[in-house]
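Colleague:
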Amino acid sequence: MRIILGKSGLFLAAFALLFASFAPGASAHGYISKPESRAYLAKLGVNQNAGPIQWEPQSIEATGNFPLGGPADGTIAGGGKFPDMDVQTPDRWHKVDVLGGQNTFTWTLTALHRTKEYKYYITKVGWNPNAPLVRNDLQLLTTIDAHNEVPASTTVTHQVPVPTDRNGYYVILGVWEIADTGNAFYQVIDANVINNGTMTLK
């Protein structure tokens, strides 16, 4: 049996394909769900007026090999694609409490990729919370080798050492480096760091 589509049918079919290609989640990948990232809190409705990221927190993708590569300074939080994410003031974003010492960080992956590594950074003592995030603000916390393997689950957890030499508002950056595309996914966490001790980062 032959099915013949008229002009209106062809238009509707083409529109459906186009919508499927660009609908939120069509190019889904991953976000940090614990501690809740800036993008994930936008999805939850906690961070308001955050732009389209509220529908696709998993889509902050840019070139990888950070910090040598990646989004330009001032566009790191939004991956160079979501400028609303780059707005930075001391009170623009909801803060999540993070204790100094070892913390469990969780990525929720909406598409699995062969993975090179995960990297975590935190802003330095004395950083400027009134200016968009730049590389010079950051110090490395840890790098976790993923051995170019595909994650075994859509939930990936890491133990991340948060410094114990500071208190208050700091931004934590998580970078998921993909092995087979040269790209990476970027997530920032607006952390209220709570400490009583000291820690020296190497």
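Heads up: the sequence shown is residues -28 to -1, 1 to 174, going by mature numbering (1 follows the signal peptide of the UniProt record, and there is no 0).
No residue lacks a Cβ here, since even glycine has one placed at the ideal position from N, Cα and C.
In this text, all values refer to a predicted model and were calculated from it rather than measured experimentally.
Return the residue from the list Gln20, Leu81 and Lys15 that minimises the CA-CA distance to Ser125.
Modeller: The option with the nearest alpha carbon to Ser125 is Leu81.
Colleague: Is the CB-CB distance between Asp45 and Arg107 below 8 Å?
Modeller: In this structure, Arg107 lies closer than 8 Å to Asp45 by Cβ.
Colleague: Quick one: measure Cβ to Cβ for Trp79 and Trp148, integer angstroms, because I've assumed they're closer than 8 Å.
Modeller: With a Cβ gap of about 7 Å, Trp79 and Trp148 count as contacting.
Colleague: Report the three-state DSSP secondary structure of Pro133 (helix, strand or coil).
Modeller: Note: Pro133 maps to strand in three-state DSSP.
Colleague: For the 8 Å Cβ check, are there 3 or more pairs between the segment 29 to 40 and the segment 125 to 143?
Modeller: Not touching, per the Cβ criterion.
Colleague: Looking only at its chain, what residues have a beta carbon closer than 8 Å to the beta carbon of Val70, apart from the 5 residues adjacent to it on each side?
Modeller: Cβ neighbours of Val70 beyond the five flanking positions: Pro7, Val134, Ile144, Ile161, Ala163, Asn164, Val165 and Ile166.
Colleague: Does chain C have any CB closer than 8 Å to the CB of Val70?
Modeller: No chain C appears in this structure, which consists of one protein chain only.
Colleague: Excluding the five sequence neighbours on either side, which residues of its own chain have a C-beta within less than 8 Å of the C-beta of Val97, listed in chain order?
Modeller: Taken in chain order, the residues that qualify are Asp137 and Arg138.
Colleague: Identify whether Ala23 lies in helix, strand or coil by the three-state DSSP scheme.
Modeller: According to the sequence as given, residue 23 is Gly; it is not Ala. In the structure shown, Gly23 sits in a helix (DSSP, three-state: H, G or I).
Colleague: Under a three-way DSSP split, which group does Leu13 fall into?
Modeller: Residue state, collapsed to three classes: helix.
Colleague: With burial defined as no fewer than 16 other Cβ atoms inside 10 Å of the residue's Cβ, what is the status of Thr87: buried or exposed?
Modeller: The residue in question, Thr87, is buried, as its Cβ has 16 or more Cβ neighbours within 10 Å.
Colleague: Give the DSSP-derived three-state secondary structure of Asn120 in the structure shown.
Modeller: Asn120: strand per DSSP, three-state reduction.
Colleague: Return the chain-ordered list of same chain residues with a C-beta closer than 6 Å to the C-beta of Ala22, the five sequence neighbours on each side being excluded.
Modeller: Contacts found: Ala14 and Asp56.
Colleague: Pro101 and Thr61 look like a contact to me (Cβ under 8 Å); what is the Cβ gap, rounded to whole Å?
Modeller: Contact flag correct, Cβ pair sits at about 7 Å.
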